[in-house]
Every structure is written in C-alpha cells, then in structure tokens.
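J.:
Number of protein chains: 2
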Amino acid sequence: MSDTRPIGVFDSGLGGLTVVREMIRLMPGEKIVYLGDTARVPYGGRSPDTIRLFAEQDAAFLMSLDIKMLIVACNTISSVGLDAVRRVALDTPVIDVVLPGAKAAVMRTAEKKIGVIGTRATIGANAYANAIQDVQPNVKVFGQACPLFVPIVEEGLADGDIARLTVQHYLYRLVNIGIDVLILGCTHYPLLMEAIQETVGTRIQLIDSALWTAKEAQDVLIALNALSPDVSGGLDKSIFHVTDLTPNFESTAAAFLGVKLPRVEKISLDALVRGVPAPA
Amino acid sequence: MSDTRPIGVFDSGLGGLTVVREMIRLMPGEKIVYLGDTARVPYGGRSPDTIRLFAEQDAAFLMSLDIKMLIVACNTISSVGLDAVRRVALDTPVIDVVLPGAKAAVMRTAEKKIGVIGTRATIGANAYANAIQDVQPNVKVFGQACPLFVPIVEEGLADGDIARLTVQHYLYRLVNIGIDVLILGCTHYPLLMEAIQETVGTRIQLIDSALWTAKEAQDVLIALNALSPDVSGGLDKSIFHVTDLTPNFESTAAAFLGVKLPRVEKISLDALVRGVPAPA
C-alpha cells in the first residue's frame, strides 16, 4: 500500500525549506505542499499565545489540502505550539523538529553536556531540554537565545565579519561550559554552520535538526507503508504557498532550498486567519 | 477653542514611541492613544501590498477611538502606505514622519547631498527622495537600506562592537559619496545615534525624524486651535495598545519612551483584522 498524497510542511517563513531540502534528498518522489507565513514572520520573538494562534491557522490551512503527514519545520512552533498543531491535525501524523534533533544529540554526547541555540521563544520554552531529558535524564542542557542570527542570514551576511562577531558574542559562554554537542535549534542556522564551527572549534559536534527531521519523516512513512510509489519528480509537483511575496523572497528561498522554487502561490492572509482554504 | 480628544499614534511596533517621547516633551498636556502591532512587527521587509493592508487595519482601529489627529510614527508605513492611511482617516489630519525629516534635512545641507537610511521598504519606495525633491529639486539623495539595525537595537546591542561593525558595513558608501546630512529614516535608529555619529564623523549632521514629526504635529494643532487645555499630565492619561505582549516588551518600550509605559492594553489581532473596535 502506498500513498500518493502530498506531505504538508510549514514554517513561520522560509527557513523550513532547509527541511524540505533534506526530504527531497532522501525521498525524491514525495510531493510537498509548503506554507511559509512570510507576512507575519518571524515568530521567534512573539509570546506563546500568539505563536499558538498563528500555528493553528497555518496547520489548518495545510490540513485542508488532503495531506498524509504534517511536518512542523520550525523550531519555535515545535517548541511552543505543538499542542495546538496536534489539535488541528487530528489523526494525521505530525513530525516536529525538536525530538529528532534531541535524539541525535543524545547519541553523540560523551561529556553529557549539550548546548542548544535558537530563537528567544524556543529557548524560553525549554523544549529541547525536556525532550533530551526524556531520552536520557542524566544529560545537562544549556540553552542560548540568538535573536540576531535569523536577520543576519536573511540579509545574506552569513559569511562575513558581522556574523563571526555575533557568533562569538552568543557562543563563548557555551564553549566555556564545555559542551561537546551543539544543536542548531532553528532552521536558519545551517547557513551559519561554517561561522559557528570556526568559533566553537572541531571538538564540538553540530547537530542540524533539518536532516534528522527528514529522516524521522521517512522512518514514519515506511512504518505506515505510506511512501509515494514515485521514486523521483516530487519537487516538480510540489507547491510552495506564502502569505506575502516579500522583495528578497526568491533569493532567500533559493539559499535555503538549494534550488529555485518550482511553483509559488501567494495566499491571502485574511483567508488564513478566517480559516477558509485559499484558492488553488 | 481647544480640543480635549487624544492624539492617535501608531507604528508597526514600539519604535514609534520615540515620536511619543518628543511629543510629551513638547506638549506635556496631550493625551496619546498608541497602537503598536507587535504581533506582526517588523513591516520593513514586507511587500507594499501587505504593508498597506496592515496600515489600513491599524489606522481604522485608532479612528474608532475618537482622535483629533493621526500620527504615522513609522517610516515604512509613511513611505509605502500613506495613501491607505489617508483613505481611512477621512477629515482627521494625518502627520507622517517622512515630510518633517525631509524639510529639516533640506534646510541643513550645504553640499546638496543628503543620505537616507531606513528599512528595505522605506528605501525601496523612494519616499524621502521624492519629498526632498518636492521641497528643493537640485538636492541629490542617496538611500541605503539597513535591515540589521532594528534587530540590533531590539536586542539591546546598540552600544557594542556588533553595532559599530554593522554601521560601518552599511554607511561607508554614503560617507564616501560626500553627503553632509544623514536622515535617520526609522524610529529605531535614534538609539544607534552614537555608533552612527562615531562612524560618519562630526562633519555629517544626523536628522532624527521623531523630533521634527512632533514639532510638525504641534504646529498643526496650533494652526487648528486644537491643543489640549491641559498643560501637563497627558502621559498619565495615555493608553498604549499592542497586539502581542512579547517577552522583552517592557524593557524595549522603556528604551524607546525613556520612561515606563503607564498603561498598556493588549488588543486581539483578530479584532484588528476584522475591523472591530477592541474592548476598552
């Protein structure tokens, strides 16, 4: 039994495309329907109540498109609003980005000291610490919010001096504590991988949750016998929805996905807020 | 004839409080009703269509509160969405932040070369250049978008090395061109004044549009004979509405206003979107 329906993936903006990138690499036959709430991004500095409200609206939109799985490709929503998403998803399997990254980190730490970086909301919700301690209670977790990383990546400055100075500013404390694994708890951060690795040194392993999330999605689809019968061509049939066509949209999207988005549709924010499915 | 009604002031977020700060200094008897759309801030990277939609919703909310004047304390909205705001405001006088800053800059340039810095939307809309050339056609205007300035200010890092390096990154071109006046075309930027002045040198005069906007509001109220009869105590009777109580809200607001906000009310974003006045 296989399932030809698409996989729904959503994020506050375009960062979730790093998860899509890994999914396409692992499962090139799967069709994706993506939603990036580019009219209201970023979520990472907002209150838990507002994040939950927005997450519910985003999830409801994708649920209206007959998907076989819902992937929360956003660390902020995974950390703060997963309960709201599950309420909307009903029986559809939900994959978040926190648990796969947490499991991968636990397998790799020898010192039993894991660092986590993310938005203010992600770190404030303590979701990684809770997930890690569920897997392995004697591991210590140290969180650090890095609010400037997302705008630096979106400004295309991930490789410059400003990025390096900012990485030092946020990470010197975690390095001094002696962590040996660092979870990149935001889908934007893989683009800062080089600047981060340079600063923390090679003794600290970086965990990119995008890759582990895609693997988890594949494992669950195999277990449910719900992989697509197609073995390629999924990307060409995928649709990428955004709530705003922002000026630097195309270049930012290409940086995250690695290729140009094949098909983009702008949906009305009003339709999203009112819970009405947008026109196809 | 005097007018005891409040003055409406709005911004995408909290930066507009720098305008309120100057208003209180000039007209301490005036009551303010403020709206900061903190659930959807920042507007500066969004498309013109989305900025106009949000601006219309914000203005409609304040118009429902019986105000005597509407101040657009946001450079992005002033540059991109002023037509939408005027449509909603009907006969109520509207003051924006672009024209007062443009007039002040023209009076001060000897070289006839003015620099303008702002968000991507503000610079893209060319509003300052148009306003300046309306006043004085033979002045050259050079714009530079500085998307990292707002997050740096909101992160409380306006005084550090990251701020100085970022200021250099954005401003070296304008300094080399030989401008002698620089308009700070975003209400967040006064908090970067020191880092900017240090980088551009004292030969370049900085224009803080918040101050000139407050003066313009005062001039218009005098002309309309609509100043409040009170000469003090306005701030204590003012109300500050936000669409989200974000975690670092209080400290950010205090940094912009100079004092703690006396009375804050969270309004529902849904009510704003649906055009329904929020509960008092």
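Protein chains in written order, with the numbering used here: chain S, 1 to 280; chain E, 1001 to 1280.
In this text, a Cβ means the ideal position worked out from N, Cα and C, and glycines have one as well.
#1: According to DSSP, is L1070/E helix, strand or coil?
#2: With DSSP as the reference, label Y1034/E as helix, strand or coil.
#3: Using beta carbons (cut-off 9 Å, strictly below), is D1230/E in contact with chain S?
#4: H169/S versus chain E: which residues are under 9 Å apart at the beta carbon?
#5: Determine the extent of the alpha helix (DSSP H) in which V181/S is found, giving its start and end residues.
#6: Grab me the residues of L191/S's own chain with a C-beta within less than 7 Å of its C-beta, minus the 5 sequence neighbours each way, in chain order.
#7: So which of D11/S, L269/S and M69/S has the shortest CA-CA distance to E216/S?
#8: Please confirm whether L148/S has its beta-carbon closer than 9 Å to some beta-carbon of chain E.
#9: Leaving out the 5 sequence neighbours to the left and right, which residues in its chain are closer than 7 Å to L1211/E when beta-carbon positions are compared?
#10: Return the first residue and the last residue of the beta strand (DSSP E) that K1140/E is part of.
#11: Does the Cβ-Cβ distance between L148/S and P1151/E come in under 9 Å?
#12: With 9 Å set as the bound, which would you pick, yes or no: does the beta-carbon of T199/S sit closer than that to a beta-carbon of chain E?
#13: Does the beta-carbon distance from F142/S to V72/S come in below 9 Å?
#14: Is there a Cβ from chain S that is less than 9 Å from the Cβ of D1066/E?
#15: Among N248/S, G118/S and K113/S, which one has its Cα closest to the Cα of V98/S?
#16: Can you grab the Cα-Cα spacing for the pair D180/S / V116/S, in whole Å?
#17: State yes or no: is the beta carbon of G15/S nearer than 9 Å to at least one beta carbon in chain E?
#18: Going by the DSSP bridge assignment, what does I7/S pair with across the sheet?
#19: Name the chain E residues whose beta carbon is nearer than 7 Å to that of L245/S?
#20: Here's the rule: buried if 16 or more other CB atoms are within 10 angstroms of the residue's CB, otherwise exposed. What is K1260/E?
#21: Under the rule that 16 or more other beta-carbon atoms within 10 Å means buried, what is P1042/E, buried or exposed?
#22: To the nearest whole angstrom, what separates the beta carbons of I1123/E and A1105/E, a pair I think is in contact under 8 Å?
#23: Can you name the residues of chain S whose CB is closer than 8 Å to the CB of R1087/E?
#24: So, under 8 Å CB-CB, R203/S and S238/S are touching, yes? Tell me the CB distance rounded to an integer number of Å.
#25: Taking the runs of the beta strand (DSSP E) that are 3 residues or longer, which of them lie wholly in the segment 48-100 of chain S?
#26: With distance defined between alpha-carbon atoms, name the residue in I1114/E, F1054/E, A1102/E and N1176/E nearest to V1135/E.
#27: Against chain E, does A255/S count as a neighbour if the rule is that its beta carbon must be under 9 Å from one of theirs?
#28: Using a Cβ cut-off of 9 Å (strictly closer), state whether L1184/E contacts chain S.
#29: Give the straight-line distance between the Cα atoms of F61/S and L272/S, rounded to the nearest whole angstrom.
#30: Please list the partners that L192/S has in chain E, where partner means a Cβ-to-Cβ separation under 9 Å.
#31: Would you list the residues sitting across from D219/S in a DSSP beta bridge?
#32: Please work out which residues of its chain come closer than 7 Å, Cβ to Cβ, to A89/S, disregarding the five sequence neighbours upstream and downstream, and give them in chain order.
#33: Would you say G178/S and S209/S are within 9 Å of each other, going by their C-beta atoms?
#34: Tell me the rounded alpha-carbon separation between L82/S and D96/S.
#35: According to DSSP, which residues form a beta bridge with H241/S?
#36: Could you check what DSSP says for D1134/E in three-state terms: helix, strand or coil?
T.: So, to answer that:
#1: strand
#2: strand
#3: no
#4: L1157, G1160, D1161 and I1162
#5: Segment V181 to L184 is the beta strand (DSSP E) holding V181/S; no alpha helix (DSSP H) there.
#6: V153, A158 and A255
#7: M69/S
#8: yes
#9: E1022
#10: K1140 to A1145
#11: yes
#12: no
#13: no
#14: no
#15: G118/S
#16: 11 Å
#17: no
#18: I32/S and M69/S
#19: S1047
#20: exposed
#21: buried
#22: Not quite, the Cβ-Cβ distance comes to about 15 Å (not below 8 Å), so this is no contact.
#23: In chain order: nothing, as chain S lies at least about 18 Å away.
#24: The Cβ separation is near 39 Å, so there is no contact.
#25: 69-72 and 94-96
#26: A1102/E
#27: no
#28: no
#29: 7 Å
#30: Chain E residues near L192/S: none, gap ~14 Å exceeds 9 Å.
#31: DSSP, once it has assigned bridges, lists no residue as partnering D219/S.
#32: A59, M63 and L70
#33: no
#34: 8 Å
#35: L35/S and E265/S
#36: helix
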